[in-house]
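K.L.:
Sharing a structure, written as structure tokens. Questions coming.
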Amino acid sequence: MTAENFDKTLQAYQKRRPFRSFAVRFMSGEQIEVDHPEALVIRNGVGVYVSAGGVPTLFDHESVSEVIGETERRSA
Numbered sequence: 010m011t012a013e014n015f016d017k018t019l020q021a022y023q024k025r026r027p028f029r030s031f032a033v034r035f036m037s038g039e040q041i042e043v044d045h046p047e048a049l050v051i052r053n054g055v056g057v058y059v060s061a062g063g064v065p066t067l068f069d070h071e072s073v074s075e076v077i078g079e080t081e082r083r084s085a
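Right, dumping it as structure tokens:
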């Protein structure tokens, strides 16, 4: 994913109104679920996600394989 496409794609998901959660899948197969628009900072092909527990995840445009639209919420 190019740096420009990375920024535009993530910002589009982040700015949806009403906000709906989405996932960012990495080339490693791992993924994060962005559950709040202010939990993500994007700039020049680099992203920082801070989980509800305060744990940061730093990633760049080269590490992302896809951005997945609204994630399903399952009730237990």
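Going by the working numbering, the sequence shown opens with residue 10, and the numbers climb by one from there. Cβ atoms here follow ideal geometry from the backbone N, Cα and C, with glycine treated the same way.
Count the other C-beta atoms from every protein chain shown that fall within 10 angstroms of the C-beta of A85, then say buried if there are 16 or more, exposed otherwise.
P.N.:
Counting from 1 along the sequence shown, the entry for residue 85 is found at position 76. Reliability of the predicted coordinates at A85 is poor, the pLDDT of 43 falling under 50, and no value is obtained from them.
K.L.:
Once DSSP output is grouped into helix, strand and coil, what is the label at E75?
P.N.:
Residue mapping note: residue 75 aligns to position 66 of the sequence shown, counting from 1. Strand at E75.
K.L.:
Could you spell out the range, first to last residue, of the alpha helix (DSSP H) harbouring T18?
P.N.:
Taking the first residue of the sequence shown as position 1, residue 18 is located at position 9. 12–23 is the span of the alpha helix (DSSP H), which, as asked, contains T18.
K.L.:
If I measure Cβ to Cβ from T11 and keep anything under 7 Å in the same chain, skipping five residues before and after, which residues do I get?
P.N.:
Locating residue 11 in the sequence shown gives position 2, counting from the first residue. Hits under 7 Å: H70.
K.L.:
Give every residue of the same chain whose Cβ lies closer than 6 Å to the Cβ of S72, excluding the five residues on either side of it in the sequence, and list them in chain order.
P.N.:
Translated into the one-based positions of the sequence shown, residue 72 becomes position 63. Only F35, M36 meet the Cβ criterion.
K.L.:
So which of S74, V57, I77 has the shortest CA-CA distance to F68?
P.N.:
Within the sequence shown, the letter at position 59 stands for residue 68. Distance check between F68 and each of S74, V57, I77 places V57 closest, using alpha-carbon atoms only.
K.L.:
Is E39 helix, strand or coil by DSSP?
P.N.:
Here residue 39 refers to the residue found at position 30 of the sequence shown. Reduced to three states, the DSSP call for E39 is coil.
K.L.:
Using the Cα positions of L19 and I51, report the straight-line distance between them to the nearest angstrom.
P.N.:
Locating residue 19 in the sequence shown gives position 10, where the first residue counts as 1. Locating residue 51 in the sequence shown gives position 42, where the first residue counts as 1. Between L19 and I51, the C-alpha separation is close to 8 Å.
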